[in-house]
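In what follows, a structure is listed as structure tokens, so that the remarks can point back to it.
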Amino acid sequence: MKRDLKELISQMTLEEKAGMCSGLDFWHLKGVERLGIPSVMVSDGPHGLRKQDEEADHLGINDSIKAVCFPPAVLSACSFDRRLIHEFGDAIGKEAQANDLSVVLGPAVNIKRSPLCGRNFEYYSEDPYLAGETAAAFINGVQKHHVGTSIKHFAANNQEFNRMSSSSDADERTLREIYFPAFETAVKKSQPYTFMCSYNRINGTFASENPWLLTEVLRKEWGFRGYVMSDWGAVNDRVAGLKAGLELEMPSSNGIYDKEIVAAVEDGSLDEAVLDQAVERILNIIFEYTDHREEQEFTLEADHALAKKIAAESMVLLKNDSILPLKETEKIAFIGEYAQKPRFQGGGSSHINSFRVSNALDAVSGNPNVTYAKGFPANDDIYDAALAKEALETAKTADKVVIFAGLPDSFESEGYDRTHMRLPECQNRLINEILAIHSEVIVVLHNGSPVEMPWLSGVKGLLEAYLGGQAVGEAVADILFGKSCPCGKLAESMPYKLSDTPSYLSFGDGENVKYQEGIFVGYRYYDAKEMPVAFPFGYGLSYTTFAYKNLQIDKSEIRENDTVRVSVDVTNTGGTEGKEIIQLYVSDHTKAVRRPIRELKGYEKISLKPGETKTVHFTLDHRSFAWYNTSLKDWYAASGDYEILIGASSRDMRLSGRVHLTAQKLLPIKVHMNTTFGELLADERTSGYVDHFKTQLEEMFKLSSDNIKEDGDVAISDAMNMAMITCMPLRNVVSYGMCGKRELLAMIEKMNSRLSKSVE
Ligand code: BGC
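Numbering-wise (my numbering), the sequence shown opens with residue 14 and increments by one.
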């Protein structure tokens, strides 16, 4: 049904229109009964429904309906599987229809700038490409059911400390290349019905009243068509927010800000058309949902099974010195309370009231060869000598020991950041004690963010279960005993220690947080610094092996608008059916600007039977090669060579090839007295004007000494000569008597006029 929303809005009073722009209560939007506008409900997620009926809160304190807790983003992103994530979204969309929820508040796509951020478990990745692709797949799945998503938190909300007031101070290139693309991809590939702006400021301006962010970039550049809502309580100045592009205030300010909107329209400081447009955008999404209500059942059991599948296909096997999979006939000791009480989700607004939680111990209850000792408490850091003794005794009698370790709830949550990367001391101590008496040890980790692993070299197996959702126990048991072949890979780097991390010197600052590491976040930093990490981005083992061959790149010469098709053959060379994630990275060899060594620009996940080969295809476009050029105000790839690398992780490149790109876009330059010869000689539009100076300068430097040292060596080599000329400002030709000042100024004017014509 096509509704005439403008006509509907013309019947609304000013107060009704202002009222539409804030929540009715914690979770509902207002309706206007006399005009048939329904009041609809929104709810957290996104890895399940946190629908609250009675006591509402946004911190996960009060109860919500019994629902399914799917794996949080920290784990599901490790699936690197667009189809699986789409299926996940599809299930959430159906669940939302079954529970009459018009919008699910997520996905959360903020970049993991530091492992310390308390909400990292809710976020997908340190890599914007992976975060964007995952978000788009999820959103398309949910919105297939005409249920909206609210991609959050837009933007640069990367720490919890002072999250409602601090300013994320980042340069534009960093925002465009690292902190924005997940949102941008989501708009372009899945058009989320709503956006949630973040609490924080960006370079001083609140996200909730930032016209550049909410209108220029989001709507005009990317083409967003839905509405923007505030994070809960993120409004600072309501009228400024509305003008900037914040349509909906959530939850509400008890009518106070609605009155400010009315007053601003009445005194002429706010154009009523701005309000009308905001209302139209909100109504559009409300009716998109209410006009497409679906009969859906809340299929808890089926969704639990899906939660298990997602968990099993996302967990990452990090180490396996021929210890896994376990055999049913082996005597196995499970140690650590997480075997019985797994930590499977994080605290705060995404906290789901799971209708059932599976643990690993129950999942293997049919196996009489598995014994269990608590070892340490799941939710505390208390070393208990009696528990430790019992654990050591249990371990001694087993062939293999599996230690279920992890971070207690209190160690990481929405609302605060971690101050260190350590596991509870009681766990590290017991792991070391077990390693002292047993050589066959596997650790399973339950954590929302990387931890230091001081015992890493001693263990033979390591499974990163992250926060696995409510079916975690079954998924872990299936992987340990080889019923599932592990196939997740890390969506973030695992550094050895906190001081290795890129934002170590500025993360968690108060008022103004300087994003001084710029674009060098995650593997972009560790690779540029040639720094060893415990496990690199994109890494993960399988119970089988894969061989990569026959890289095909369909072009060797490209121009800006060309696409490049890449393919590679992958074979399962082991004895088990398994899935492999094939990653494509691009490395810029043009030296036009400082860039990461390589960046992820494609990935595919395929399933292969033993001996089977499949061809994997990728398509690259201009953006795959480009960086954000702030003087051009656009994406730009310089002329030169680019390497295309196919890897099994960010540090395991198997095949590579090259393309040569010829750029047509011309960069704007404004010449002045201090423009260097380097810049002028590098650009064909200006080099002709200064070539003769270059010749004279070369002569001058050579002649300034006799250029021969006593030992016969040249005093100034050609390379030194060129380096001095490259860094020399234009004005020096005057002081060296090569040109009069007036003459030089006239030449600069000529160059600038030619340059301005070239970029028109
Ligand atoms: C969180 C959001 C959440 C909202 C509603 C806020 O505190 O930052 O992610 O959707 O509360 O619960």
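Cβ atoms here follow ideal geometry from the backbone N, Cα and C, with glycine treated the same way. All values derive from a computational prediction rather than experimental measurement.
Leaving out five residues on either side along the sequence, give the residues of the same chain with a beta carbon under 6 Å from the beta carbon of residue i.
i, result
"T147", "A90, I98 and Y137"
"T688", "L743"
"M741", "F690"
"S127", "T514, S516 and F520"
"H60", "F83 and P85"
"D284", "none"
"S180", "R214, G217 and N525"
"N170", "N123, S211 and N213"
"N372", "Q353, P355 and G486"
"S163", "V116, L118, T207 and M209"
"R537", "P609"
Using a Cβ-Cβ cut-off of 7 Å (strictly less than) and excluding sequence neighbours within five positions of residue i, which residues of its own chain qualify?
i, result
"V703", "F690, L693 and L694"
"M544", "D513"
"R667", "Y561, I659, G660 and A661"
"A401", "G388, L443 and E446"
"G637", "According to the sequence provided, residue 637 is Ser. The question's Gly does not apply to it. Here the set comprises V599 and K614."
Which value, in whole angstroms, describes the spacing of the CA atoms of residue i and residue j?
i, j, result
"A325", "P355", "15 Å"
"R572", "M733", "34 Å"
"N774", "V116", "The structure shown does not extend to residue 774, since the chain spans only 14 to 773, so no value can be given for it."
"I348", "D582", "42 Å"
"S335", "H459", "22 Å"
"E756", "L645", "30 Å"
"E8", "W648", "Missing from the structure shown is residue 8; the chain here goes from 14 to 773 and no further."
"I416", "E100", "32 Å"
"K43", "A418", "46 Å"
"G236", "V230", "9 Å"
"S620", "A650", "34 Å"
"E593", "V472", "25 Å"
"R251", "I22", "21 Å"
"Y479", "M737", "54 Å"
"V727", "G701", "29 Å"
"S35", "E262", "4 Å"
"Y539", "D724", "44 Å"
"L143", "I152", "14 Å"
"V457", "I395", "19 Å"
"S766", "N642", "22 Å"
By Cβ distance below 8 Å, which residues in the same chain neighbour residue i in space, the five residues on each side in sequence not counted?
i, result
"G145", "V122, P194, A195, F196, E197, T198, A199 and K202"
"I298", "S115, V116, G161, Y206, T207, G239 and Y240"
"R607", "none"
"D393", "P421, P437 and C439"
"A318", "A484"
"F103", "At residue 103 the sequence reads Asp, which differs from the Phe that was named. Contacts found: G154, V155, K157 and H158."
"M177", "Y212, N213, G246 and A247"
"L679", "R698, S771 and V772"
"K622", "N585 and E590"
Just confirm the distance between the C-beta atoms of residue i and residue j, as a whole number of angstroms; I'd bet it's less than 8 Å.
i, j, result
"L331", "E477", "5 Å"
"A541", "Y509", "Not confirmed; about 17 Å, so no contact."
"S519", "F550", "Their Cβ separation, rounded to whole angstroms, is 21 Å, which puts S519 and F550 out of contact at 8 Å."
"A560", "T586", "5 Å"
"I566", "V672", "6 Å"
"A150", "C210", "The pair is not a contact, with the Cβ atoms about 23 Å apart (cut-off 8 Å)."
"L88", "M328", "7 Å"
"G428", "I455", "With 8 Å as the limit, G428 and I455 do not qualify as a contact, their Cβ atoms being about 33 Å apart."
"L255", "V292", "Contact flag wrong, Cβ pair sits at about 10 Å."
"E108", "D316", "7 Å"
"A776", "A408", "Limits of the chain in this structure are 14 at one end and 773 at the other, which puts residue 776 out of reach."
"A386", "A404", "4 Å"
"L633", "V579", "7 Å"
"F219", "P338", "F219 to P338, Cβ: 51 Å. No contact."
So, does the CB of residue i fall closer than 8 Å to a CB anywhere in chain B?
i, result
"N112", "Absence of chain B from the displayed structure is noted, only one protein chain being present."
Does the stretch 411–431 touch the stretch 353–373, meaning 3 or more C-beta pairs lie closer than 8 Å? yes
Does the stretch 551–565 come within contact of the stretch 520–533, defined as at least 3 CB pairs closer than 8 Å? no
Specify whether the stretch 304–322 and the stretch 460–467 touch according to this definition: at least 3 beta carbon pairs, one from each stretch, less than 8 Å apart. no
Is it a yes or a no for the stretch 103–119 touching the stretch 41–55, going by three-plus beta-carbon pairs under 8 Å? yes
Under 8 Å: do the stretch 264–276 and the stretch 28–39 share three or more Cβ pairs, one atom per stretch? yes
Taking contact to mean at least 3 C-beta pairs separated by less than 8 Å, is the stretch 336–346 in contact with the stretch 378–391? yes
Examine the Cβ distances between the stretch 483–493 and the stretch 432–447 and report whether three or more of them are shorter than 8 Å. At 8 Å Cβ cutoff, the stretches do not touch.
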